[in-house]
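Everything on this sheet refers to the single structure shown next.
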Amino acid sequence: MAKTRDDYSEELESQYRRLERAYSKVKQDFDRKTFSKNSQELLDSAHEFFCICYHLREWVKKDKKVDKFIKDKLPSFEDTSLAPNDPKIGLLLSRDLCNSSKHRELDENKKPNDANTKIHSTGGAIFKVPLQELADARKENKRIHLKEEDGIFMGNFIVSFRGNHYELAGVVESCMHF
Numbered sequence: 001m002a003k004t005r006d007d008y009s010e011e012l013e014s015q016y017r018r019l020e021r022a023y024s025k026v027k028q029d030f031d032r033k034t035f036s037k038n039s040q041e042l043l044d045s046a047h048e049f050f051c052i053c054y055h056l057r058e059w060v061k062k063d064k065k066v067d068k069f070i071k072d073k074l075p076s077f078e079d080t081s082l083a084p085n086d087p088k089i090g091l092l093l094s095r096d097l098c099n100s101s102k103h104r105e106l107d108e109n110k111k112p113n114d115a116n117t118k119i120h121s122t123g124g125a126i127f128k129v130p131l132q133e134l135a136d137a138r139k140e141n142k143r144i145h146l147k148e149e150d151g152i153f154m155g156n157f158i159v160s161f162r163g164n165h166y167e168l169a170g171v172v173e174s175c176m177h178f
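Residue 1 is where the sequence shown starts when you use my numbering, and the numbers rise one by one after that.
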């Protein structure tokens, strides 16, 4: 049965549309149709997605138009019983990744799913240096210091969570599924 505006508020729909836009941005970045972003630019869109995903559950829970039956069916962001291959793992990761993108480190007192949840890059980047700059550096016997933002990231991202490793794009897909 199709949902109507009577089943949820405009505010909730707006938040869900925001999640869809963030998802589309991540998909575009990770489909590598354009090669122009450094690793931090790619991670910016992923962190935005995880924050929206994590908070969308709160929007659903607090929406007065959403039926209690639906609210009770929402998966938990704190489920400690999930197996490492359970598709809902993405939801637990989204909570920790959202919070770790806002705070220096995850506070054990606030019970993160894994205080060591982190995104790691694998592979490398392509760097481009103007020929004149390279020639000048060679002439003066100087090193050129390249920064991460000077490169185009060609690698991939892995998320460490509870001693397991997940491909970041797969985590995003599983979150969007739920």
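Ideal Cβ placement from N, Cα and C applies to all residues, glycine included. Nothing here was measured: the structure is a model prediction, and the numbers come from that model.
> How big is the Cα-Cα spacing for P87 and I70?
Replying inline: Numbered from its first residue, the sequence shown carries residue 87 at position 87. Numbered from its first residue, the sequence shown carries residue 70 at position 70. Here the alpha carbons of I70 and P87 stand approximately 19 Å from one another.
> With contact counted as at least three CB pairs below 8 Å, one residue from each stretch, are the region 49-60 and the region 132-139 in contact?
Replying inline: By the Cβ rule, the region 49-60 does not count as touching the region 132-139, because fewer than three pairs are nearer than 8 Å.
>> Taking 6 Å as the limit between beta carbons, can you name the residues of its chain near P84, skipping five residues before and five after?
In response: Position 84 of the sequence shown, counted from the first residue, corresponds to residue 84. Once the five neighbours on either side are set aside, the close Cβ partners of P84 are N164.
> Are the beta-carbon atoms of I158 and H120 separated by less than 8 Å?
Replying inline: Working through the sequence shown from its first residue, we reach residue 158 at position 158. Working through the sequence shown from its first residue, we reach residue 120 at position 120. Yes, the pair counts as a contact, with Cβ atoms nearer than the cut-off.
>> Tell me the DSSP secondary structure of H165 in three-state form.
In response: Taking the sequence shown and counting its residues from 1, the one referred to as residue 165 is at position 165. For H165, the three-state secondary structure derived from DSSP is strand.
> Mapping DSSP to helix, strand and coil, what is F77?
Replying inline: In the sequence shown, counting from the first residue as 1, residue 77 sits at position 77. Note: F77 maps to coil in three-state DSSP.
> What are the complete alpha helix (DSSP H) segments, minimum 4 residues, inside the region 24-62?
Replying inline: The region 24-62 contains these whole alpha helix (DSSP H) runs: 39-62.
>> Taking the straight line between their C-alpha atoms, what separation do you get for L131 and G123?
In response: Taking the first residue of the sequence shown as 1, we reach residue 131 at position 131. Taking the first residue of the sequence shown as 1, we reach residue 123 at position 123. CA-to-CA, the gap between L131 and G123 works out to about 25 Å.
> Roughly how many angstroms separate the alpha carbons of F77 and L42, rounded to a whole number?
Replying inline: Here residue 77 corresponds to residue number 77 of the sequence shown, with the count starting at 1. Here residue 42 corresponds to residue number 42 of the sequence shown, with the count starting at 1. Their backbone Cα atoms lie some 24 Å apart in a straight line.
>> What does DSSP give as the partner residue(s) for S94 in the beta ladder?
In response: On the sequence shown, position 94 is the one that residue 94 refers to. As far as DSSP is concerned, S94 takes part in no beta bridge.
>> Could you give the first and the last residue of the continuous beta strand (DSSP E) run that contains K202?
In response: Residue 202 lies beyond the stretch modelled for the chain, which goes from 1 to 178, so this question has no answer here.
>> Just to confirm my understanding: we take M176, look at its own chain, exclude 5 residues before and 5 after, and list those with CB closer than 8 Å. What are they?
In response: Mapped onto the sequence shown, residue 176 falls at position 176. Answer for M176: L19, Y23, C53, listed in chain order.
> Distance, Cα to Cα, E180 vs V129?
Replying inline: As shown, the chain starts at 1 and ends at 178. That puts residue 180 outside it, with no answer to give.
> Quick one: is C116 buried, meaning 16 or more other Cβ sit within 10 Å of its Cβ, or exposed?
Replying inline: By one-based count along the sequence shown, residue 116 stands at place 116. It is Asn, not Cys, that sits at residue 116 in the sequence shown. Label assigned to N116: exposed.
> Using a Cβ-Cβ cut-off of 6 Å (strictly less than) and excluding sequence neighbours within five positions of V66, which residues of its own chain qualify?
Replying inline: Position 66 of the sequence shown, counted from the first residue, corresponds to residue 66. So the list reads Y8, V60, once near-sequence residues are dropped.
> Among K68, D72, K73, L91, which residue has its Cα nearest to the Cα of D79?
Replying inline: On the sequence shown, position 79 is the one that residue 79 refers to. The residue from K68, D72, K73, L91 with its alpha-carbon nearest to that of D79 is L91.
> Would you call the CB atoms of L82 and F161 closer than 8 Å?
Replying inline: In the sequence shown, residue 82 corresponds to position 82, counting from 1. In the sequence shown, residue 161 corresponds to position 161, counting from 1. Contact flag unset, no.
> When you compare only the Cα positions, how much space is there between F167 and E173?
Replying inline: As a first step, residue 167 must be located in the sequence shown, where it is residue number 167. As a first step, residue 173 must be located in the sequence shown, where it is residue number 173. Just to set this straight, residue 167 is Glu in the shown sequence, not Phe. Taken atom to atom, the span from the alpha-carbon of E167 to that of E173 is near 10 Å.
> Under the three-state reduction of DSSP, which class applies to F69: helix, strand or coil?
Replying inline: The sequence position of residue 69 within the sequence shown is 69, counting from 1. F69 falls in the helix class under three-state DSSP.
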